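Novice:
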Amino acid sequence: MALEHAILVSLTEHAGTGYELARRFDRSIGYFWPATHQQIYRVLRRMDEAGWVRHTEIAQEGRPAKKVYRVAAAGRAELSRWLAEPADPAVLRDGLAVKLRGASLGSVDDVLKEVERHRAEHATRVEVYRGIQTRDFPIPTMLHGRELHQYLVLRGGIRAEESFVAWCDEVIEALRKDDR
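Residues 517 to 696 in the numbering used here are what the sequence shown lists, from first letter to last.
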């Protein structure tokens, strides 16, 4: 998937400025497809030039006009084409797993500390996702369409993070036993 497609999906949900889109990425879609603010602005310009999005300029007092982006017909066509295209299976590329595999070549205690740090980060992410679920999807059985799709992505994120936390727990326990 390219950042362009993540932006198209986000803009079909709500038109917005580059700044608003970057904030949305920080709070939502960016958990699953991260991008810096600079990347988002650069890609928006490219998408505008390609005709995938169109913008309306809104004058602001004492500041440059802001551009509000919407998906254009060509962008909807691209999104339809991309949605029909087979997606590659997810590939786990994880530096922590490589460190764990090589732990005996250095300090196992340092690797253990790194696993504990990762566990804490992922546990925090689980709580953030659960908070989003409680706030945005209090009655999942009532969801349909776009909201159901957003909820299902969030559930996938929760399950993946819970699984990673459980794996970290397993690694921590095994490394501590091995250290005895």
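Built from N, CA and C at the ideal position, the CB exists for glycine as well. These numbers were taken from a predicted model, which means no experiment stands behind them.
Quick one: residues in its chain with C-beta nearer than 6 angstroms to the C-beta of A557, no 5 flanking neighbours on either side, listed in chain order?
Specialist: Locating residue 557 in the sequence shown gives position 41, counting from the first residue. Residue identity check: residue 557 is Tyr in the sequence provided, not Ala. Excluding positions up to five away in sequence, the list reads G534.
Novice: Report the option in V584, P605, V631, D604 whose CA atom is closest to the CA atom of K615.
Specialist: Start at 1 with the first residue of the sequence shown, and residue 615 comes out as number 99. Ranking V584, P605, V631, D604 by Cα distance to K615 puts V631 first.
Novice: Using a Cβ distance threshold of 8 angstroms, determine whether the stretch 586 to 598 contacts the stretch 563 to 577, with at least three qualifying pairs required.
Specialist: Between the stretch 586 to 598 and the stretch 563 to 577 there are three or more C-beta pairs closer than 8 angstroms, enough to call the two in contact.
Novice: I need the boundaries of the alpha helix (DSSP H) containing H665, first residue and last residue.
Specialist: Residue numbering aside, residue 665 sits at position 149 when the sequence shown is read from its first letter. Run containing H665: 661 to 695, per the alpha helix (DSSP H) assignment.
Novice: For the stretch 677 to 694 against the stretch 638 to 657, are there 3 or more C-beta pairs whose distance is under 8 angstroms?
Specialist: yes
Novice: Can you say whether A575 is buried or exposed, counting buried as having 16 or more other CB atoms within 10 angstroms of its CB?
Specialist: By 1-based counting over the sequence shown, the position of residue 575 is 59. When all chains shown are included, A575 counts as exposed.
Novice: So, are the CB atoms of V584 and A639 less than 7 angstroms apart?
Specialist: Taking the sequence shown and counting its residues from 1, the one referred to as residue 584 is at position 68. Taking the sequence shown and counting its residues from 1, the one referred to as residue 639 is at position 123. Not in contact: V584 and A639 (Cβ atoms no closer than 7 angstroms).
Novice: Give a yes or no on whether the C-beta atoms belonging to E520 and V559 are separated by under 7 angstroms.
Specialist: Here the question's residue 520 lines up with position 4 in the sequence shown. Here the question's residue 559 lines up with position 43 in the sequence shown. For E520 and V559, yes; Cβs fall inside 7 angstroms.
Novice: Is the CB-CB distance between L595 and L527 below 7 angstroms?
Specialist: As a working mapping, residue 595 is identified with position 79 in the sequence shown. As a working mapping, residue 527 is identified with position 11 in the sequence shown. In this structure, L527 does not lie closer than 7 angstroms to L595 by Cβ.
Novice: What are the boundary residues of the beta strand (DSSP E) that E573 is part of?
Specialist: Residue 573 sits at position 57 when you count from the first residue of the sequence shown. 569 to 576 is the extent of the beta strand (DSSP E) around E573.
Novice: Identify the residues that DSSP records as bridge partners of Y585: which are they?
Specialist: On the sequence shown, position 69 is the one that residue 585 refers to. DSSP lists G532, H571 as partners of Y585.
Novice: If you draw a straight line from the alpha carbon of W549 to that of I688, how long is it in whole angstroms?
Specialist: Here residue 549 refers to the residue found at position 33 of the sequence shown. Here residue 688 refers to the residue found at position 172 of the sequence shown. Roughly 28 angstroms separates the two Cα atoms.
Novice: Excluding the 5 residues flanking Y547 on each side, which residues of the same chain have their C-beta closer than 7 angstroms to its C-beta?
Specialist: Counting from 1 along the sequence shown, the entry for residue 547 is found at position 31. The residues are G673.
Novice: If you draw a straight line from the alpha carbon of L659 to that of F653, how long is it in whole angstroms?
Specialist: The residue labelled residue 659 in the question sits at position 143 within the sequence shown. The residue labelled residue 653 in the question sits at position 137 within the sequence shown. Taking the straight line joining both Cα atoms gives about 8 angstroms.
Novice: In angstroms, rounded to a whole number, what distance separates the CA positions of T657 and T552?
Specialist: Along the sequence shown, read from residue 1 onward, the residue named residue 657 stands at position 141. Along the sequence shown, read from residue 1 onward, the residue named residue 552 stands at position 36. Whole-angstrom Cα-Cα distance: 34 angstroms.
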